[in-house]
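Right, one structure below, let's go through it.
Protein chains in written order, with our numbering: chain A, 355 to 467; chain B, 1411 to 1524.
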């Protein structure tokens, strides 16, 4: 089944403790992206990647890092999480560029206390 | 700067009524892409439609239709004969010419009452 898999689905952590949210897709998509969803703000793009080793900032990259060492994986790294990073996170992938339409993962609900 | 506005925060309709979800966008680009996504109560995000800026033809897919008007910078979404399964949050989105950077609206929560 074609899908984008995120892990974990739920995560509660403490301020300052580094964490990684994994994202993997099995569709051989070149393009991948991370979003956060907050009430009243919709989805905001954090980072995107056009292909292996090619990443760039979205609208809200502060406090996040990404890497794209393999085509299928695009992990989101929070080196020192803070409570304002409590949010619902979505990974997405697309054939070619994102303009073809995304396939989204199921989301990761992160709480930073 | 790019921006997407969905002024309707919440809408409630009775089943079988038609409903239109508004989307207004701002961009300086002449080439861009517009999208609608659905987020049902289960939380996943589902792609509904993509439209490029050079294609102003309206589109119909079953009970769903989309009206793209460049003159008013709008890309509205109509559900005809709404059903309870249409209850969801609907997001309108705009991408830059490269398709790399995306801007989502704040979403419209639609509740269809049986």
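All residues carry an ideal CB built from backbone N, CA and C; glycine is no exception.
query: Contact with chain B by residue 428/A, beta-carbon distance below 8 Å; result: no
query: With 16 other Cβ atoms within 10 Å as the buried cut-off, status of residue 1498/B; result: buried
query: Cβ-Cβ separation, residue 443/A to residue 375/A (assumed contact under 8 Å), whole Å; result: 6 Å
query: Residue 1504/B: CB within 7 Å of a non-hydrogen atom of the ligand ATP; result: The ligand content of the structure shown is nil, which means the ligand ATP is not present either.
query: is_contact[residue 395/A, chain B] using C-beta, thresh 8 Å; result: yes
query: Of the listed residues 397/A, 394/A, 428/A, 391/A, nearest to residue 409/A (C-alpha basis); result: 428/A
query: CB contact below 8 Å: residue 381/A versus chain B; result: no
query: Chain-ordered neighbours of residue 1454/B on chain A, where CB pairs are closer than 8 Å; result: 458, 460, 461
query: Sequence-distant residues of the same chain with beta carbon closer than 6 Å to residue 449/A, five excluded per side; result: 383
query: Beta-carbon neighbours of residue 1508/B, restricted to chain A and to distances below 7 Å; result: 451
query: As assigned by DSSP and simplified to three states, the class of residue 1495/B; result: helix
query: Unbroken stretches of the beta strand (DSSP E), 3 residues or longer, contained in the region 1420-1489 of chain B; result: 1420-1424, 1429-1431, 1434-1436, 1443-1449, 1456-1462, 1469-1471, 1474-1479, 1484-1489
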